[in-house]
Amino acid sequence: MALPVPDSQPTQLHEVGVDGHRRGRRLRVGAWKIAGDLPSSFRYAAQGLAYGFASQRNFRIHVFMGVVAFCLGLWLHLSPDRLAVLVLTVAAVLVLELLNTATEAVVDLAIGRKFHPLARIAKDCAAAAVLVAALSSLLIALLLLLPPLLQRLGLLGR
């Protein structure tokens, strides 16, 4: 089995065979060539989304709540700019949730099952970023959805 080992130049990659000898091959000239082609990069991104959805309960909760908020916005006939704000805030939460998952995976890969205070800081800060975005998204959703919802239900004067 050959393992990829980066060379000192960013455009070179060598494979190390089981005998320990390097077998060089030029893989890329620019970073966009890593996936080989555009469809491959979209496929990798889809795999990341699928992993996040399958393995992260909070990601699924955020997706569900985002869909509910968007559908509620459509039902309340929010203007396109208000719907866009709603979509952007939900997207920010989902992006940060995926980055949190990636951060946790990289930290776990780097330190294994050992405890390190810097690993804890990295994981806690990534989780805090998701929390800040989720709370902000909730506040924005309430500001955008609550007045028209109360009006539609007849609980707020016209």
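Under this note's numbering, think of the first position of the sequence shown as 375, with each following residue one higher.
Note that CB positions come from ideal geometry on N, CA and C, so glycine has one too.
Open item on the list: For Pro522, tell me which candidate among Ala507, Ala501, Leu450, Val481 has the shortest Cα-Cα distance.
Closed with: It is Leu450.
Task: Proximity to Leu517 [Cα-Cα], best of Glu471, Gly447, Leu483 - done: Comparing C-alpha distances from Leu517 to each of Glu471, Gly447, Leu483 shows the shortest one belongs to Gly447.
- [ ] Tell me whether Leu409 sits in a helix, a strand or coil according to DSSP, three-state version.
- [x] It is worth fixing the name first, because residue 409 is Ala in this sequence and not Leu. Judged by DSSP in its simplified three-state form, Ala409 adopts coil rather than helix or strand.
Open item on the list: Classify His436: buried if its beta carbon has 16 or more other beta carbons within 10 angstroms, exposed otherwise.
Closed with: The residue in question, His436, is buried, as its Cβ has 16 or more Cβ neighbours within 10 Å.
Task: Contacts around Thr475, its chain only, beta-carbon distance under 6 Å, and the 5 residues preceding and following it disregarded - done: Only Gly426, Gln430 meet the Cβ criterion.
- [ ] State the Cα-Cα distance for the pair Arg434 and Gly410, rounded to the nearest angstrom.
- [x] Taking the straight line joining both Cα atoms gives about 30 Å.
Open item on the list: If contacts are defined as beta-carbon pairs under 8 Å, then Lys503 and Leu470 qualify, I think. What distance do you get, rounded to the angstrom?
Closed with: Checking the displayed sequence, the identity of residue 503 turns out to be Ala instead of Lys. Ala503 to Leu470, Cβ: 5 Å. Contact.
Task: Buried versus exposed, by CB contacts within 10 Å (16 or more), Ala500 - done: Its Cβ being crowded by 16 or more others within 10 Å, Ala500 is buried.
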